[in-house]
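Student: If you read the sequence shown in the working numbering, its first letter stands for residue 1, the second for the next number, and so on.
Quick one: the structure is below, and I'll ask about it shortly.
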Amino acid sequence: MAKPRLVAVLALSLAGGCIQFEHGPTTDGGGGSPGTTGEVEEPPPTVECDPLSQDCPDGQACSLSGDDFVCIEVFVEGAPGDPCQAAGECSPGLVCLPSVVLGSCDASSCCSSLCEVSDTSAQCGSSSEVCAPVFDGDEVPPMWADYGVCRLPS
């Protein structure tokens, strides 16, 4: 007497079908997540940059993203005080900040200049704005200590 699996395989092969006996996730060995056979998509690499020297490739600006400065594509070349909604809507050397921290902004957010905190001659767009550190607190890495942005005093 034939075993049930063998009978099922023979019946399906005669009918032109197939059957899978093993269950569970399969991968291609490339680090894919369970249940997939494709490659895992890696996030695009970020390029660290210097916001004061704007050392990014053409068409990009060194802007604040999370807790780091990275090169981002500039979609709109906004000037200081121009409305913006996100990074990439201000020209190199500028960042998009909420209007509550700016002296002159008629939108919910506007472009504001990056500056060097130790440069006492740093000029900001509004007389009420000062060059204030981008990062506050005791845990600021020394490499970010002198990076500032034009904003209202805290």
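Just so you know, even glycine gets a beta-carbon here, dropped at the ideal spot from N, CA and C.
This structure is a prediction, so every number in the text was calculated from the model and none was measured.
Just verifying my parser: in three-state terms, what is the DSSP assignment at Pro-83?
Tutor: Along the sequence shown, one-based indexing puts residue 83 at 83. If DSSP states are grouped into helix, strand and coil, Pro-83 belongs with the strands.
Student: Count the other C-beta atoms from every protein chain shown that fall within 10 angstroms of the C-beta of Gly-66, then say buried if there are 16 or more, exposed otherwise.
Tutor: By 1-based counting over the sequence shown, the position of residue 66 is 66. Exposed: under 16 other Cβ atoms inside 10 Å.
Student: With H, G and I counted as helix, E and B as strand and the rest as coil, what does DSSP make of Pro-98?
Tutor: The residue given as residue 98 occupies position 98 in the sequence shown. Of the three classes helix, strand and coil, the one that applies to Pro-98 here is strand, per DSSP.
Student: Could you check if Ser-109 is buried or exposed, using at least 16 other CB atoms within 10 Å of its CB as the buried criterion?
Tutor: Within the sequence shown, numbered from 1, the residue matching residue 109 stands at position 109. Burial call: buried.
Student: Use the C-beta contact count for Val-140: other C-beta atoms within 10 angstroms, 16 or more gives buried, fewer gives exposed.
Tutor: Numbered from 1 along the sequence shown, position 140 holds the residue referred to as residue 140. By the neighbour-count rule (16 or more Cβ atoms within 10 Å), Val-140 is not buried but exposed.
Student: Determine, using beta carbons only, whether Trp-144 and Val-130 come nearer to each other than 9 Å.
Tutor: Residue numbering aside, residue 144 sits at position 144 when the sequence shown is read from its first letter. Residue numbering aside, residue 130 sits at position 130 when the sequence shown is read from its first letter. No; because the gap between Cβ atoms is not below 9 Å, this pair is not in contact.
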